[in-house]
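Visitor:
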Amino acid sequence: MAGTPPASDSAQRASSDAELFSVDNMQLHTLPDKRVLCYRVYGAPGPSSAPPGAWAVYYHGTPSCCLEGAAFDDAARSLGISLICTDRPGIGGSTSHRRQSLASVVADTASLLDAMGVAKVYLVGTSGGAPYAAAFAAQHPERSLGMALTAALAPTDRRHKELLKAMAGADRFMFTMARYPVGGLRLMHGVMRYMANRHPQALLEHAPQGMAKVDGELMRNDPRVKANFGACLQHAYKQGAVPMARDVKVLAGRWNVDMSGIMCPTAIWQGADDLSVPVQHAHWWASTISGSELHIMESHGHVTLPLQMSHEILASLRVPQVAKAPLAEKEAPLAEEEALGVGVDGGAAVVEPETTPSA
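Going by this note's numbering, the first residue of the sequence shown is number 67, and it counts up by one from there.
1) On the criterion of 16 or more Cβ atoms from any shown chain inside 10 Å, does V369 qualify as buried, or is it exposed?
2) How big is the Cα-Cα spacing for P218 and A318?
3) Helix, strand or coil for H368? Go by DSSP, reduced to three states.
4) Can you tell me whether M254 is buried or exposed, with buried defined as 16 or more other CB within 10 angstroms of its CB?
5) Start and end of the alpha helix (DSSP H) containing C298?
6) Assign T66 to one of two classes, buried (16 or more other C-beta atoms within 10 Å of its C-beta) or exposed (fewer than that).
7) Spatial neighbours of G235 within its chain, please: C-beta separation below 8 Å, excluding the five flanking residues on both sides.
8) Would you report the Cα separation of S167 and A141, rounded to the nearest angstrom?
9) Using a Cβ-Cβ distance under 8 Å, would W321 count as near chain B?
10) I'd like the list of long-range same chain contacts for E402, defined as Cβ closer than 8 Å, with 5 residues on each side in sequence excluded.
11) Using the beta-carbon count (16 or more within 10 Å), is Q267 buried or exposed?
12) Comparing C-alpha positions only, which one of R384, A352, L380, V314 sits nearest to Y198?
13) Taking A84 as the reference, give the member of P111, A136, Y125 with the closest Cα.
14) With burial defined as no fewer than 16 other Cβ atoms inside 10 Å of the residue's Cβ, what is the status of L94: buried or exposed?
15) For C330 versus S210, is the C-beta distance shorter than 8 Å?
16) Could you pull the start and end residues of the alpha helix (DSSP H) that A256 belongs to?
17) DSSP puts I150 in a beta bridge; with which residues?
18) Does the beta-carbon of D90 have 16 or more other beta-carbons within 10 angstroms, so that it is buried, or is it exposed?
19) Take L145 and list the residues in its own chain whose beta-carbon comes closer than 7 Å to its own, dropping the five residues that flank it on each side.
20) From T152, R259, A333, pick the residue whose C-alpha is nearest to that of G357; which is it?
21) Compare the beta carbon distance of T222 and W335 with 8 Å and say whether it is the shorter of the two.
22) What are the partner residues of Q346, as DSSP defines its beta bridges?
23) Specify the secondary structure class of H272 as computed by DSSP and reduced to three states.
24) Return the first residue and the last residue of the alpha helix (DSSP H) that Q205 is part of.
25) Which whole-angstrom value describes the C-beta separation of G250 and G194, a residue pair presumed to lie in contact below a C-beta threshold of 8 Å?
26) Please classify D324 as buried or exposed, where buried requires at least 16 neighbouring CB atoms within 10 angstroms.
27) V107 and S148 look like a contact to me (Cβ under 8 Å); what is the Cβ gap, rounded to whole Å?
28) Taking the beta strand (DSSP E) that S376 falls in, what are its first and last residues?
29) Hey, out of A293, W350, Q374, whose CA is closest to G366's CA?
30) Give the straight-line distance between the Cα atoms of C132 and M92, rounded to the nearest whole angstrom.
And the structure:
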């Protein structure tokens, strides 16, 4: 199975994973309102070695945390990208924020970048992290060099009921619960926190229910996922269930950010088999962001896409002076109409379907 380390590399990989998922490598930034923003940098080493424009900000999904960025470490390192991954408010090591919104998280990111002396960045958002990445691009076009959205959650508020109905499993249930008082979400995430801390493997065994078959197979059988799933969620729920419930409420509510104003080059990556955040969500993003590229990958789901396509996803940022990774070997060539920009989805060039070599 792709993404599973060879047996001969297992000891070295285990040592590497221990470092990648260690909370000892976290850094803290004090925000203007005295809250603390916890973050970690994956990929290429820090500012002294990163070439101009090789900084990227990664926004994790939900429920998750900055350790999710470990999945992109190898790809970022090979492409010369320094990947800044932050914990959102109340998640992991970041201070909670009762007035959290897409805009407030964007402001936190901008403060961190200012402190680091990073003027312009690339943006990467996965699942529930995609709206935050897009909000940064919309509100800071002068700082945004390019963006990659992966399994990107689209709006699910009452104005977008069809996008919520298209979702399946626990994700649809979670975002439906977000329409009601926070108690239900808090209870749901309280159970997940308990399971992550006490019975992580049991949680991993049941998590794929309602997800794509390929996702379930990866989550239950890949030794790296089995070894690190618990560590990621344990850090995510470090401060309890309320912050995660608040994050879902923010994502499920009105975003109050005009995403149609995004100007930077954008690649949208979507697994054709994704049931958690289905293809309808990718088409919403493609029709919203003018000039974006939509890559729909056959035989990929919500989890397999970022874990097995991390190099292609980061390569689509087109970082200068870095050779772009080839897309999957079996990717169908663009039709002549698409090459001329005729085949579009609301202004987005559509590249579908794409396939990857069988695992």
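From the three backbone atoms N, C-alpha and C, an ideal C-beta is built for every residue, glycine too.
Guide: Once the coordinates are examined:
1) By the 16-neighbour rule on beta-carbons within 10 angstroms, V369 is buried.
2) A quick correction: the sequence has Ala, not Pro, at residue 218. Spanning the two alpha carbons is a distance of roughly 13 Å.
3) Note: H368 maps to coil in three-state DSSP.
4) Buried.
5) C298 -> alpha helix (DSSP H) spans 289-302.
6) An answer regarding residue 66 cannot be provided, because it is not within the stretch 67 to 425 covered by the chain.
7) Take G235, set aside five residues on each side of it, and the residues of its chain with a beta-carbon closer than 8 Å to its own are Q275, G276, M277, L341, S342, in chain order.
8) Each residue's Cα considered, the two are about 30 Å apart.
9) Absence of chain B from the displayed structure is noted, only one protein chain being present.
10) Low per-residue confidence applies at E402: pLDDT is 33, beneath 50, and the placement is therefore not dependable, though the value from the model is reported in the following sentence. None.
11) Answer is exposed; the Cβ neighbour count stays below 16.
12) Nearest C-alpha to Y198: V314.
13) Nearest Cα to A84 within the set P111, A136, Y125: A136.
14) Answer is exposed; the Cβ neighbour count stays below 16.
15) Taking 8 Å as the Cβ cut-off, C330 and S210 qualify as a contacting pair.
16) Here residue 256 is Gly; the residue named in the question, Ala, does not match the sequence. Per DSSP, G256 belongs to the alpha helix (DSSP H) from 249-264.
17) Note: I150 is bridge-paired with V107, V123 in the DSSP secondary-structure output.
18) D90 should be labelled exposed.
19) So the list reads L380, A381, V385, V388, once near-sequence residues are dropped.
20) Each of T152, R259, A333 was checked against the Cα of G357, and the nearest Cα belongs to A333.
21) It is not a contact, given that the beta carbons lie outside the stated cut-off.
22) Answer is none; Q346 lacks a bridge partner.
23) DSSP places H272 within a helical segment (H, G or I) once states are collapsed to three.
24) For Q205, the enclosing alpha helix (DSSP H) has its first and last residue at 196-205.
25) Incorrect: roughly 18 Å between the Cβ atoms, too far for contact.
26) Exposed, because fewer than 16 other Cβ atoms sit within 10 Å of the Cβ of D324.
27) 6 Å between Cβ atoms; contact.
28) First-last for S376: 376-381, but that is the alpha helix (DSSP H), not the beta strand (DSSP E).
29) It is His, not Gly, that sits at residue 366 in the sequence shown. Of the candidates A293, W350, Q374, the one whose C-alpha sits nearest the C-alpha of H366 is Q374.
30) In this structure, the CA atom of C132 is about 9 Å from the CA atom of M92.
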